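Notes to accompany the following structure.
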Amino acid sequence: MLYREMGTTGEQVSILGFGCMRLPTLGSYDQIDKEKTTLLLDYALQQGINYLDTAYPYHGISNSQGGESEVFLGEYLAENDCFDDIYLATKLPTWLLEKPEDMDNFLNEQLQRLQTEQIDFYLLHSLKEKRWSHLEDLGVLEFLDSATADGRIKYTGFSSHDETHFFKEVVDAYHWDLCQIQYNYLDENIQAGREGLEYAADKGMGVVIMEPLKGGILANYVPPEVQEIWDHAPVNRKPAEWALRYLWDRPEISVVLSGMNNREQLVENLIAAEDGLPHSLSREENEIMEEVKKAYSDKIMVECSACGYCIPCPNGVNIPQCFSYLNQAAMLNDISNVQMQYYFMVSDTERASNCRECGICQEMCTQKLPIMEMLKEVKKTLGN
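The sequence shown begins at 907 in the numbering used here and counts up one residue at a time.
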């Protein structure tokens, strides 16, 4: 296993991290298959993985209740007495914070669930611009100072799926140790994106990558046009290995998380990690990656540059975001996964179904796109 420093913390973390949001289950998401998961974690730790990532709601029946992921990890780590051998990361459910005391209450509950006195990396979970001022008013940054000072957490961070400008605002708001962002070769220009990745790294922060395979899509739902490129590449790699190696090629990235829920996935990713050095892809290999990205981008349905001239919509539709998910559905062979992200990331008031065809957006569009017709396509493809 290869290791990299987590920002400027001095901590050496495995370049492949174990994401504990998609552990093997017994049929229901809130029922972890403890036997299978134990075998997976045993092997992962034996092979040198030392970064385990979980969160308060993982493997729960809803985002408002604590899930089983933290509970299982606490039992596993205590039983195997391996807290000193791993770095444990979990997250504060920011959307559930209503009063200042909620922050301490959640952290103390998580410490109990994880059966530890200190969490190595504690992140504010899924920060959003519309919630940020509320968190600041509650004193969330002062809470992090206090919890670090009293030893309940060692390092601080945050995760976010919001846009680049907000991501950079949060980076500048505190002396963070790390951030966690969605990033893969198709998502370099959405959410924090490459600009955010480089911005955080320049500030000395560790960068943890989530969704390196877009929830498995880049490995399991490969369009024929893309598969043909892989088949003619001079190096024989599976799609997942290409995607992971592309990320590890960037020195700014500390850890790439993978939600491995079977032995085959774990072994495949471990093999890929053996050569995951910075700047290890050749010029020809990088050119192949550009071909793959172009093959996907050629399937785009609407050439929206997200310039923002069409918003705010008088009816609240987030037009650029709706088009982003429409394009993802067109590029990928797994519309159901994109539909799930659309419903999770776009609020009811911002969806395409709120369009009243007033036409203001089309008058403002610098690219003269048929926005109203394309919003109908969003509704047809992704639902209301």
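C-beta: ideal position from N, C-alpha, C; glycine also.
These numbers come from a predicted model, not from an experiment.
Check, Outcome
"Taking the DSSP output, what are the residues bridged to Glu1042?", "None, per the DSSP bridge assignment."
"Please report the residue range of the beta strand (DSSP E) in which Lys1060 lies.", "Ile1059 to Ser1066"
"Considering only the alpha carbon of each residue, which of Tyr1080, Gln918 and Glu974 lies closest to Gly1045?", "Tyr1080"
"Taking 7 Å as the cut-off, decide whether the C-beta atoms of Ala1178 and Leu1150 are in contact.", "yes"
"Is the region 1163–1177 touching the region 1199–1207 in the sense that three or more CB pairs, one from each, lie closer than 8 Å?", "no"
"Between the region 914–923 and the region 952–969, are three or more C-beta pairs nearer than 8 Å?", "yes"
"So, with DSSP's three-state summary, where would you put Gln918?", "strand"
"Under a Cβ-count criterion, where at least 16 other Cβ atoms within 10 Å of its own Cβ denotes burial, should Gly933 be classed as buried or exposed?", "exposed"
"Extract the residue ranges of the alpha helix (DSSP H) inside the region 1179–1204, only unbroken runs of 4 or more that lie entirely within it.", "1189–1203"
"With DSSP as the reference, label Leu1238 as helix, strand or coil.", "coil"
"Can you list, in chain order, the residues of its chain with a C-beta nearer than 7 Å to that of Thr914? Leave out the 5 residues immediately preceding and following it.", "Gly1110"
"Evaluate contact between the region 1208–1226 and the region 1274–1289, counting only Cβ atoms and requiring at least three cross-stretch pairs below 8 Å.", "yes"
"Which residue spans inside the region 971–1010 form an unbroken alpha helix (DSSP H) run of at least 4?", "974–986"
"Buried or exposed: where does His1185 fall if 16 or more other Cβ atoms within 10 Å of its Cβ makes it buried?", "exposed"
"Whole angstroms are fine: how far does the CA of Asp1043 sit from the CA of Trp1136?", "50 Å"
"Which runs of the beta strand (DSSP E) at least 3 residues long sit entirely within the region 917–971? Give them in chain order.", "918–920, 922–925 and 957–959"
"Give me whichever residues DSSP pairs with Phe1073 in a beta bridge.", "In DSSP, Phe1073 forms no bridge with anything."
"Identify the continuous alpha helix (DSSP H) that holds Glu1269 and give its terminal residues.", "Ile1266 to Met1270"
"To the nearest whole angstrom, what separates the beta carbons of Gly1112 and Ser1164, a pair I think is in contact under 8 Å?", "In fact, because the Cβ distance is near 17 Å, the residues do not count as touching under 8 Å."
"Taking the beta carbon of Ser1032 as the centre, do at least 16 other beta carbons fall within 10 Å, making it buried, or is it exposed?", "buried"
"Could you check how far apart the C-beta atoms of Gln1097 and Ser1065 are, in whole angstroms? I think they sit under 8 Å.", "Going by Cβ atoms, the distance from Gln1097 to Ser1065 rounds to 11 Å, so no, they are not a contact pair."
"Three or more C-beta pairs closer than 8 Å, one from the region 1233–1242 and one from the region 1250–1258: is that the case here?", "no"
"Could you check whether the region 1024–1038 touches the region 1057–1072, counting it as contact only if at least three pairs of C-beta atoms, one from each stretch, sit closer than 8 Å?", "yes"
"Using the Cβ count rule (16 or more neighbours within 10 Å means buried), how would you classify Ala1125?", "buried"
"What is the DSSP secondary structure of Tyr1105, counted as helix, strand or coil?", "helix"
"Taking the alpha carbon of Glu1191 as the reference point, which residue from Ile1217, Thr1022 and Leu1153 has its own alpha carbon closest?", "Leu1153"
"Spatial neighbours of Cys1264 within its chain, please: C-beta separation below 8 Å, excluding the five flanking residues on both sides.", "Pro1220 and Asn1221"
"Just to check my reading of the structure: Pro1123 and Tyr1089 have Cβ atoms closer than 8 Å, yes? What is that Cβ distance to the nearest angstrom?", "Here residue 1123 is Ile; the residue named in the question, Pro, does not match the sequence. Wrong, their Cβ atoms sit about 14 Å apart, outside the cutoff."
"Hey, would you say Tyr1215 sits closer than 7 Å to Met1270, going by beta carbons?", "yes"
"Tell me, to the nearest whole angstrom, how far the beta carbon of Phe1012 is from that of Leu998; I am working on the premise that it is less than 8 Å.", "6 Å"
"Round the Cβ separation of Gly1063 and Trp1038 to the nearest angstrom and send it over; I've been treating them as touching at under 8 Å.", "Incorrect: roughly 15 Å between the Cβ atoms, too far for contact."
"Does DSSP put Gln1086 in a helix, in a strand, or in coil?", "strand"
"Quick one: using the 10 Å Cβ neighbour count with 16 as the cut-off for buried, is Ile967 buried or exposed?", "exposed"
"For the alpha helix (DSSP H) that contains Ile1115, what are its first and last residues?", "No alpha helix (DSSP H) holds Ile1115; the beta strand (DSSP E) holding it covers Gly1112 to Met1116."
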